[in-house]
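Inspection log for the structure reproduced underneath, given as structure tokens.
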Amino acid sequence: TGKEFLPSKGVTRPLKPELIDLQRFLSHHGITREQLVDLAILVGTDFNDGVKGVGPKTALKLIKKHGSLENLPADLRESLPKNYEEVRRIFLHPKVTSEYTLHYGELKEEALYEFLCGERGFSKRRVKTVVEKMRRFYSWRRQRRLKEWLPETR
Numbered sequence: 016t017g018k019e020f021l022p023s024k025g026v027t028r029p030l031k032p033e034l035i036d037l038q039r040f041l042s043h044h045g046i047t048r049e050q051l052v053d054l055a056i057l058v059g060t061d062f063n064d065g066v067k068g069v070g071p072k073t074a075l076k077l078i079k080k081h082g083s084l085e086n087l088p089a090d091l092r093e094s095l096p097k098n099y100e101e102v103r104r105i106f107l108h109p110k111v112t113s114e115y116t117l118h119y120g121e122l123k124e125e126a127l128y129e130f131l132c133g134e135r136g137f138s139k140r141r142v143k144t145v146v147e148k149m150r151r152f153y154s155w156r157r158q159r160r161l162k163e164w165l166p167e168t169r
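In this note's numbering, the protein residues as written are 16 to 169.
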């Protein structure tokens, strides 16, 4: 849960997470997973900007009418990103590995900021909020020593 700021009204409204079931979504809209990926390419994803002037409703209509990006009218096909086939491949056949190990240790804040803000474009304020929550959680969760509960003696 969280809040969303509506600038035009100057107010916030509560946001609640919504679980979207892929099969129900596809069935409801009468499309396949492949067509959903094509729809996303038209609208834009993390990997491409999409086609100017094509939003979700228009993209859904186009995909339902034409079936795939390859069957779109020529003018729209020319507006597709040059790498659309690669984007499609990333979504339909993502690289996945089960060969990894997790190592838990001390929070390396500087490295976290460098990675999230420097390499991934997150805002420093957003990362700071999460880091502070992590710090509080781990300090609370940390195993206490008996001497921490006893008064100091000199």
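From the three backbone atoms N, C-alpha and C, an ideal C-beta is built for every residue, glycine too.
Query	Result
Taking only the alpha-carbon atoms, compute the straight-line gap between K24 and K31 and give it to the nearest angstrom.	20 angstroms
Going straight from the alpha carbon of K79 to that of G45, what length do you get?	8 angstroms
Rounded to whole angstroms, what is the Cα-Cα separation between T27 and E19?	5 angstroms
Return the chain-ordered list of same chain residues with a C-beta closer than 7 angstroms to the C-beta of E49, the five sequence neighbours on each side being excluded.	L107
Looking at the structure shown, is K18 part of a helix, part of a strand, or coil, going by DSSP?	strand
Within a Cβ cutoff of 8 angstroms, which residues of the same chain sit near N98, ignoring the five residues on either side of it in sequence?	F62 and N63
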